[in-house]
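Written below as structure tokens is the structure these notes are about.
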Amino acid sequence: MTQELISTPARRRLTAVRSLRQLEPFHRANAIDDISLYWLPVSEFPIKFRQREWILKFIARLDEDLKQEKQTSENFLLLKYTRTDLNERFVNTMFDYRPMTGMLLAPNQQLPAVPTSMEIKKLTESHSSDGLLNLDHLVPEYCAWFAGEQQPQQRQDFFGAGGMLMLWIDAGQEPAGPKIELPRVLATHPAMKDTNFDAMIRKGARLQHPFLAKSREIFAAHLPDGPAKKHSMFVLPRFNSSHFLDASPDDRQRWFEIFSAYCIESEQDRGILLAFRDPDFDERMIALLEEIKKDGDEYPL
């Protein structure tokens, strides 16, 4: 996304006292006014260290602000990014984060067609010099959901490579987990030393959060019936700026039935996209940015 596309001189959402500059380094999309859509440019992916640290500080403050409205953040990582330098970290944190897999699709994107025998033959003959085959175009885009209570650490571990998605959803919608009193012999067994049973129960309850089923209802409605649609734990949107700008107000309203805020690393837009259900989020953005500036943190361009 270019600055010219996402930002225009007119500012209908800001008061006369407020200046467009107070939203910097973010740029607001004025082409739509039923939601709040912002773009933050980055120099490159993976994101440079100082830009990454600033963005993580901003997201942490945003997370605290949205918690006041009983919104909780959920972190997702595109699985293809685990084939990068993140692989070792992903493997080493699997026990703590226990990622679960679902699909990630652009709006109205279809699943890859099953290749014909001729296409398979051509594929096997076109492998690279190291003998590896790229099969990415034959499978849907999958992502890992870190369903737990370690969101800040998850962002610290995986944000910045280009493959992270964050949603803010209604907190407390899942059923309460059962109360289980473990026998002392089990609770004190050496093998159970680092096991947090309460956290495991809470995480199990998260699997019944209504956003999971709702995501399939909204973002997989166009897919033909089949195993991928039927058995996916969730189906989430992989938005870029054009999806928001080209969609109808009804479509955008439907998307935001699932989440109140959406944040994604968008290599296509060369930056971070941040969207809110609230169409009047400018003043809150400005307040968050002013807090960061008071700490002496400026976004490194």
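Numbering (numbering that gives the first Met the number 0), first residue to last: 0 to 300. A virtual CB, placed ideally from N, CA and C, is assigned to each residue, including glycine.
- Does the stretch 152-164 come within contact of the stretch 240-256, defined as at least 3 CB pairs closer than 8 Å? No: fewer than three Cβ pairs fall under 8 Å.
- Task: Check whether the Cβ atoms of Phe-210 and Ile-168 sit closer than 7 Å, and answer yes or no.
- Result: Taking the first residue of the sequence shown as 1, we reach residue 210 at position 211. Taking the first residue of the sequence shown as 1, we reach residue 168 at position 169. Less than 7 Å divides the Cβ of Phe-210 from the Cβ of Ile-168.
- Query: From Val-314 to Arg-20, what does the alpha carbon distance come to, in whole angstroms?
  - Reply: Outside the shown range of the chain, which is 0 to 300, sits residue 314, and nothing can be said about it.
- Message: Looking at Cys-142: is its Cβ nearer than 7 Å to the Cβ of Leu-222?
- Response: Residue numbering aside, residue 142 sits at position 143 when the sequence shown is read from its first letter. Residue numbering aside, residue 222 sits at position 223 when the sequence shown is read from its first letter. No, the Cβ-Cβ distance between Cys-142 and Leu-222 is not below 7 Å.
- Message: Taking 7 Å as the threshold (C-beta atoms), are His-208 and Gln-252 in contact?
- Response: Against the sequence shown, residue 252 aligns to sequence position 253. Against the sequence shown, residue 208 aligns to sequence position 209. It is not a contact, given that the beta carbons lie outside the stated cut-off.
- Three-state class that DSSP yields for Gln-172 in the structure shown: Position 173 of the sequence shown, counting from 1, holds the residue named residue 172. Residue state, collapsed to three classes: coil.
- Task: Pull up the distance between the alpha-carbon of Glu-264 and that of Ser-240, whole angstroms please.
- Result: Walking along the sequence shown from the start, residue 264 turns up at place 265. Walking along the sequence shown from the start, residue 240 turns up at place 241. When rounded, the distance between both Cα atoms is 11 Å.
- Message: Once DSSP output is grouped into helix, strand and coil, what is the label at Asn-74?
- Response: Counting from 1 along the sequence shown, the entry for residue 74 is found at position 75. Taken through DSSP and simplified to helix, strand or coil, Asn-74 comes out as strand.
- Where the alpha helix (DSSP H) through Val-90 begins and ends: Residue mapping note: residue 90 aligns to position 91 of the sequence shown, counting from 1. Residues 86-91.
- Quick one: any contact between the stretch 57-73 and the stretch 105-112, if contact means 3 or more CB pairs under 8 Å? The way I'd put it, the stretch 57-73 doesn't touch the stretch 105-112; fewer than three beta-carbon pairs between them come closer than 8 Å.
- Task: Classify Ile-119 as buried or exposed, calling it buried when 16 or more other Cβ atoms lie within 10 Å of its own Cβ.
- Result: Working through the sequence shown from its first residue, we reach residue 119 at position 120. Ile-119 should be labelled exposed.
- What are the partner residues of His-221, as DSSP defines its beta bridges? Looking up residue 221 in the sequence shown gives position 222. In DSSP, His-221 forms no bridge with anything.
- Query: Roughly how far, in whole angstroms, is the beta-carbon of Met-165 from the beta-carbon of Ser-42, given that I think they are within contact range, below 8 Å?
  - Reply: Along the sequence shown, read from residue 1 onward, the residue named residue 165 stands at position 166. Along the sequence shown, read from residue 1 onward, the residue named residue 42 stands at position 43. Wrong, their Cβ atoms sit about 21 Å apart, outside the cutoff.
- How about Phe-275 and Ala-260: do their beta carbons lie closer than 7 Å? Mapped onto the sequence shown, residue 275 falls at position 276. Mapped onto the sequence shown, residue 260 falls at position 261. Using a Cβ distance threshold of 7 Å, Phe-275 and Ala-260 count as a contacting pair.
- With which residues is Met-163 paired in a DSSP beta bridge? The sequence position of residue 163 within the sequence shown is 164, counting from 1. Met-163 is bridged to Leu-76.
- Query: Does the stretch 84-103 come close enough to the stretch 282-299 to have 3 or more Cβ pairs within less than 8 Å?
  - Reply: Cβ pair count under 8 Å is below three, so no.
- Could you say which of Pro-236, Ala-212 and Ile-271 lies nearest to Phe-44 if we only look at CA atoms? The residue given as residue 44 occupies position 45 in the sequence shown. Here the closest residue by C-alpha is Ile-271.
- Three-state secondary structure (DSSP) of Ser-240: For the purposes of this step, residue 240 is taken as the residue at position 241 of the sequence shown. Correct three-state label for Ser-240: helix.
- Of the listed residues Gln-150, His-26, Leu-244 and Arg-237, nearest to Gln-70 (C-alpha basis): What you label residue 70 is simply residue 71 of the sequence shown in a count that begins at 1. It is Gln-150 whose Cα lies nearest to the Cα of Gln-70.
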